[in-house]
Every structure is written in structure tokens, then in C-alpha cells.
Amino acid sequence: MALAIAVLFLLTILPSRYAGWTNWFGNVADFVLAPIQWPLNLVVGVFKRSSEGANSRDPVIAALERERDKYKDAYYRTLGELDQSRTQMAAMTRGMQLNNQLPFKLLPAPVIGSVFDGASQLLRIRAGAKNGVTEGSVVAVEGVDLLGRIPIGGVADRISKVLPIIDRAARPISVLIFPGETAEDLAAEFTAAGAIPAAQSAVPNLDPGSAIAAQLTPTGSGTLSGPVEAPRMRADYTPPRPAVGMLVRLRDSRWPASAQMLIVGRITMIDTQSNGRQIITVTPRYVLPVADVLVRVSGDDAADAATNGGRQ
Amino acid sequence: MNPVALCIAAYVFLGLEAALRGPLALGNTAATPSFMMILMVFLAIHGQARMVPWLCMALGLAVDLIGSRPVNGGEVLVTIIGPNALGYFAAGHLVLALRGIMLRRNPVAFFFLCCCGAAMSQLVIVVVLTCRSAVDSSLEWSPLAELFARLGGSLYTGIVSILIGPILHAASGLMGITEGYNRRDSRRVMRRM
Chain U
1 MALAIAVLFL LTILPSRYAG WTNWFGNVAD FVLAPIQWPL NLVVGVFKRS
51 SEGANSRDPV IAALERERDK YKDAYYRTLG ELDQSRTQMA AMTRGMQLNN
101 QLPFKLLPAP VIGSVFDGAS QLLRIRAGAK NGVTEGSVVA VEGVDLLGRI
151 PIGGVADRIS KVLPIIDRAA RPISVLIFPG ETAEDLAAEF TAAGAIPAAQ
201 SAVPNLDPGS AIAAQLTPTG SGTLSGPVEA PRMRADYTPP RPAVGMLVRL
251 RDSRWPASAQ MLIVGRITMI DTQSNGRQII TVTPRYVLPV ADVLVRVSGD
301 DAADAATNGG RQ
Chain B
1001 MNPVALCIAA YVFLGLEAAL RGPLALGNTA ATPSFMMILM VFLAIHGQAR
1051 MVPWLCMALG LAVDLIGSRP VNGGEVLVTI IGPNALGYFA AGHLVLALRG
1101 IMLRRNPVAF FFLCCCGAAM SQLVIVVVLT CRSAVDSSLE WSPLAELFAR
1151 LGGSLYTGIV SILIGPILHA ASGLMGITEG YNRRDSRRVM RRM
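Chain order of the listed sequences is U and B.
Residues in the first sequence are numbered consecutively from 1, following the numbering used here.
Residues in the second sequence are numbered consecutively from 1001, following the numbering used here.
Encoded structure:
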């Protein structure tokens, strides 16, 4: 008994760099637990979503909104790639070697459940290395809302663990806010009769140059918060200001290209400090636990996994 | 005890632990109920004294294996084996020491033992993880905040045990748990402690 306690204590204080092998046992436990956790998670998800009123939305409107968001996502990603191409061209003129952009594919994966230990809440998804998921893969909800990414040691053969961006253990992220781009329901853009309103004046300014930058840190209560970065101003320039309801998109060089411009959430609160600096609070548009996610898998990794899986 | 029924019960409660802890968290706090702790207390009340510490350690080990912790600012995940096993072991000993002076089927006694057992296990977990954070700084750990949240969770576990206790008592026949246990057995354990 004393020996068992001593071994357990030593395993507890074993530094992380030597404890990588313990993940194998964790992955086996996840695999064994998945058959019971998945149905329980589905039941919990149904109760939670119905209590949040998410199901009250018109499914047609919701589908249209998803389509709109997908096109917006593609548009913003193109803008980001254009911006990167400019940087690459500038680098090329200096003779630097370039990293080519890898294509990615979307891999749908159901959420089996979560791992809650008080300090953090990881999500377990039913997609693993055999499906092409790799460490660092980006995970989104409904294709355009950024959920998080898969940390090192979070990929098993058929199950992966996702660290959400709102988890208190997650690192701060850099974001952009495009003035005028709000998260209003598409339904609000239609009249009661179903006709498109004549006034289409509220077209958002999608110029990346006019975007507002911010650095967001998870608060641990399901939101992210952080200061808006003050732009370099000319004397005659009035900087754009964030407003409640505006959408916030990821623009962080520490994240892969496939994650850039995904929606982080919408601004739910703005606190102006005595020095005039604005602190924004951003809330994701989804409610955890979600039922399904989309993993953005690098095209080459997915092809390799398919080949290897086919051999086995 | 029937080992097959015990394994099935442990599997179901582990599933509940994994699926319901997050959704049942109190607001935005880390105070959550522990279903495995309720099962452990139930087994510690009714089990043979020499078996209980090993059983508690095994249940704690199972909880350790299903929980990964992000370290290095969320870049790396690691499964820390040990804290819950040690915590459940200590809680099992506490329940063994107290069960001799408790009415087994009294829901208030069950509530009390669940609260005490959960608090003991969380105290041990906070202590050992604080030791770990002193050795390895990659784990972000604030002992006091964790302790308060976990003690809140212990009370929550006790409240949930009021609902689950009758179900466990009803299923005690299936698990091969007999009515009688030797109080002198518990006293012997207490003397050894």
C-alpha cells in the first residue's frame, strides 16, 4: 500500500516533459468511455440548447445565416491571403524563401463530451489521427465560428481533445473588428412580409485597413476580454470605435492560416477606462457543449492518414 | 461485492462524471459535483474494510485517466496520474473511520459522508498538485482559488448525493452488497490510522 502511494505521488509530481507517455493511458480510457459519454452528451446538449432558446430560430433563416457566414469567411480569408501575398512578395524581393500555403479540408466530427476538471474544460471529438487530425488542427463550429484547437498530446487514433479559446488555460489571441459588421440575425434584414428592405445603407466596411485590432484573453467565464489597440493616428483621422454587437475575427500569426478570419464571437460589453482605453468583452455565438464541429485538416495530412488507414 | 456489477456501476458513474460535470457547474465557477465520489462513498460505507482503500484508489485512478490538463499555456495536454487516486484513497480512509458511528441508510449521514469525503479528496488533490506546480511550473495553478472552488464542489456533491443515494441503495442488491458489516472491522482500521 505504501509503495502504491509513493508511486502515485511520484507520478503526480512528474514534470510534463517526462509525462507524455501517460497520455496513452488517457487515450485508452477515452476510447473505453466514449460509448457511454456520447449519448449522455447528446441528451445534455438537447436540454442545454432548448433552455438557451437556440432552437426557437427559424431553420430557414438559420441556414441562410450559415451560408452568409461561410461566404463571409471565404471573403475574409481571401483578404488575409492577399495581405500575406503582399508580405511574401515583399519578402521575395529581399530573396527570402517562402512558405507555401497548404490547402485544408473540413472534417465533420461529433462531440463525444467534455473533460471538466474545474480548471479547464476540454472537448472530446470523434475524429483522430486515422481521420487526418493532427496536433494544432483548428476546430470550428458550423464552419465559421472558431472553437479552439487541438493541443500537443490531444490526438489519439479515433478521438481528439480540443482546447476551446474561451478556456482559462488557453493563450491570449489577437483579433480584428470590422466596423459595421454586426451579428444581427438575418431575420432582422427582412420585413415582416418577407421582402428585402429597400434601405441597404448599413453595408459594413470590410476594408482590412479600417479594422480595429484587439488582444483578447479568456476570462474563465465563457468570454474573452481585452483592450482595443490604439491605432496610429494622423491629426485629421478619427479612429473607428467598436460597438456592442460587432463581430470579432481572429487575426493571429500564432494560429495556422486556416484559422485566420474565423469568427471569435460578438462584442457584448465595452468598458471605457479612465484613460480612455476601451476594454471589450467578446462572447462566442455558440453555446457549449456543441453537438458537432468541423476540424480544419491540412490537405496533405488528411491524404497521408487516408493512405495509412487504408493499409491497416 | 459482485465485481461485474461493480465494474458496470463504476463505468456508468464515470460516464456521468465525464458528461455532466461541465454542464452542472455552478454558474461560471469551478464548483461541480463528483459522481464518482458518491459511488466511492457508497462503496466505502458498505464494503469490506480491507478492500475499500484499494477500491477507492482504483476509482480515483479512473478519474485521473479521463482528465487531461492543458500545460504550457494550453499548447500541450498531459494526463496527470495520481492526484485523484491519492485523494480518493484518503477520502476512503476517512469514510472507513466515520462509518462505524453513522447510520448507513440515513440520507443525512450519506450526505455528510459525501461532503466530508469529497472535501478530503479535494484537499489532498490541491496539496499534491501544489507540490507538482512547485516542481514543474508548466502547470498554471492557483492553490487558494482551486481550494475554495473545490470545497464548494464538495458541498454540491453532497447535495447531489441526496438524489443519487436512494438509487444506489436500491441497486445495492445487484451489486452484491449485503446488509451487515463488521463495526469492529472499521474500528480496527481506525486504530491502524
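Glycine is no exception: its CB is placed at the ideal position from the N, C-alpha and C atoms.
For residue i, collect the residues of the same chain with a Cβ closer than 7 Å to its Cβ; drop the 5 residues on either side in sequence, then sort them by chain order.
i, result
"Leu1006 of chain B", "Met1175"
"Leu1151 of chain B", "Ala1119 and Gln1122"
"Val1078 of chain B", "Ser1068, Arg1069 and Val1071"
"Ile166 of chain U", "Pro218, Gly222, Thr223, Leu224 and Pro284"
"Trp1141 of chain B", "Leu1129, Thr1130 and Ser1133"
"Ser120 of chain U", "Asp167, Arg168 and Ala169"
Helix or strand or just coil, what does DSSP make of residue i?
i, result
"Ala1062 of chain B", "helix"
"Arg1132 of chain B", "helix"
"Pro108 of chain U", "strand"
"Val290 of chain U", "coil"
"Ala213 of chain U", "strand"
"Ile173 of chain U", "strand"
"Ser1142 of chain B", "coil"
"Ile159 of chain U", "coil"
"Met246 of chain U", "strand"
"Pro39 of chain U", "helix"
"Pro59 of chain U", "helix"
"Arg254 of chain U", "coil"
"Arg168 of chain U", "coil"
"Ala1171 of chain B", "coil"
"Glu81 of chain U", "helix"
"Glu67 of chain U", "helix"
Between residue i and chain B, is the shortest Cβ-Cβ distance under 8 Å, so that the two count as touching?
i, result
"Met89 of chain U", "no"
"Lys48 of chain U", "yes"
"Asp292 of chain U", "no"
"Arg158 of chain U", "no"
"Thr281 of chain U", "no"
"Val44 of chain U", "yes"
"Ala6 of chain U", "no"
"Val295 of chain U", "no"
"Leu33 of chain U", "yes"
"Gly245 of chain U", "no"
"Arg241 of chain U", "no"
"Thr78 of chain U", "no"
"Ser344 of chain U", "For residue 344 of chain U there is no data in the structure shown, the boundaries of chain U being 1 and 312."
"Gly13 of chain U", "As written in the sequence, residue 13 of chain U is Ile, which differs from the Gly given in the question. For Ile13 of chain U, the answer is yes, since a Cβ of chain B falls inside 8 Å of its Cβ."
"Gly226 of chain U", "no"
Hey, does residue i have any beta-carbon neighbour from chain U nearer than 8 Å?
i, result
"Val1012 of chain B", "yes"
"Ser1121 of chain B", "no"
"Val1071 of chain B", "yes"
"Ala1170 of chain B", "no"
"Val1135 of chain B", "yes"
"Ile1066 of chain B", "yes"
"Arg1104 of chain B", "no"
"Cys1115 of chain B", "no"
"Val1127 of chain B", "no"
Tell me which same chain residues have a C-beta within less than 6 Å of the C-beta of residue i, skipping the five on either side of it?
i, result
"Tyr1011 of chain B", "none"
"Glu142 of chain U", "Arg66"
"Ala1030 of chain B", "Ala1149"
"Leu1168 of chain B", "Phe1042"
"Ile152 of chain U", "Glu135"
From the options, pick the residue whose C-alpha is nearest to that of residue i; which is it?
i, options, result
"Leu294 of chain U", "U:Ser274, U:Ala259, U:Ala34 and U:Asn275", "U:Ala259"
"Leu1147 of chain B", "B:Ser1121, B:Arg1132, B:His1169 and B:Ile1164", "B:Ser1121"
"Asp271 of chain U", "U:Met89, U:Pro164 and U:Ile280", "U:Ile280"
"Val43 of chain U", "B:Ala1085, B:Pro1023, B:Leu1103 and B:Ser1133", "B:Pro1023"
"Ile173 of chain U", "B:Ala1019, B:Tyr1088, B:Gly1074 and B:Arg1099", "B:Gly1074"
"Asn275 of chain U", "U:Pro227, U:Asp69 and U:Ile267", "U:Pro227"
"Arg1050 of chain B", "B:Leu1039, B:Gly1027, B:Glu1140 and B:Phe1089", "B:Phe1089"
"Ala257 of chain U", "U:Ala2, U:Leu79, U:Val60 and U:Ala169", "U:Leu79"
"Arg1105 of chain B", "B:Ser1133, B:His1046, B:Cys1056 and B:Tyr1156", "B:His1046"
"Leu40 of chain U", "B:Ile1080, B:Glu1017 and B:Ile1066", "B:Glu1017"
"Gly1082 of chain B", "U:Ile267, U:Val282 and U:Ala19", "U:Ala19"
"Phe1111 of chain B", "B:Pro1003, B:Asn1002, B:Gly1015 and B:Phe1042", "B:Phe1042"
"Val175 of chain U", "U:Leu247, U:Gln84, U:Gln37 and U:Met89", "U:Leu247"
"Asp292 of chain U", "U:Val155, U:Ser298 and U:Leu106", "U:Leu106"
"Arg171 of chain U", "U:Ile159, U:Ile150, U:Glu181 and U:Asp157", "U:Ile150"
Which residues in the same chain have their Cβ closer than 8 Å to the Cβ of residue i, if we skip the five residues on either side of it in sequence?
i, result
"Leu262 of chain U", "Asp73, Val138, Ala140, Val144, Asp145, Leu146, Arg249 and Leu250"
"Glu229 of chain U", "Ile212, Ala213, Ala214 and Gln215"
"Val46 of chain U", "none"
"Gln278 of chain U", "Pro227, Val228, Arg241, Pro242, Ile270, Asp271 and Thr272"
"Ile1210 of chain B", "This structure cannot speak to residue 1210 of chain B, because chain B is shown only from 1001 to 1193."
Check your understanding: In the segment 1073-1094 of chain B, which residues sit with their C-beta less than 8 Å from some C-beta in chain U, listed in chain order?
Key -> Of all residues in the segment 1073-1094 of chain B, the ones placed with a Cβ closer than 8 Å to any Cβ belonging to chain U are Gly1073, Gly1074, Glu1075, Val1076, Leu1077, Val1078, Thr1079, Ile1080, Ile1081, Gly1082, Pro1083, Ala1085, Leu1086 and Phe1089, in chain order.
Practice item. Taking only beta carbons into account, state which residues of the segment 1146-1167 of chain B come closer than 9 Å to chain U, listed in chain order. Key: Against chain U - using a Cβ distance shorter than 9 Å - the residues of the segment 1146-1167 of chain B are Glu1146, Ala1149, Arg1150 and Gly1153.
Exercise for review: Taking only beta carbons into account, state which residues of the segment 121-151 of chain U come closer than 7 Å to chain B, listed in chain order.
Suggested key: Cβ contacts with chain B: Gln121, Leu122 and Pro151.
**Study point:** Residues of the segment 251-277 of chain U whose Cβ lies closer than 8 Å to any Cβ of chain B, in chain order
**Key:** Taking 8 Å as the Cβ-Cβ cut-off, the segment 251-277 of chain U has no residue approaching chain B.
Review point. Using a beta-carbon distance cut-off of less than 8 Å, what residues from the segment 1012-1026 of chain B approach chain U?
Key: For the segment 1012-1026 of chain B, the beta-carbon criterion of a distance under 8 Å to any beta-carbon of chain U is satisfied by Val1012, Leu1014, Gly1015, Leu1016, Ala1018, Ala1019, Leu1020, Arg1021, Gly1022, Pro1023 and Ala1025.
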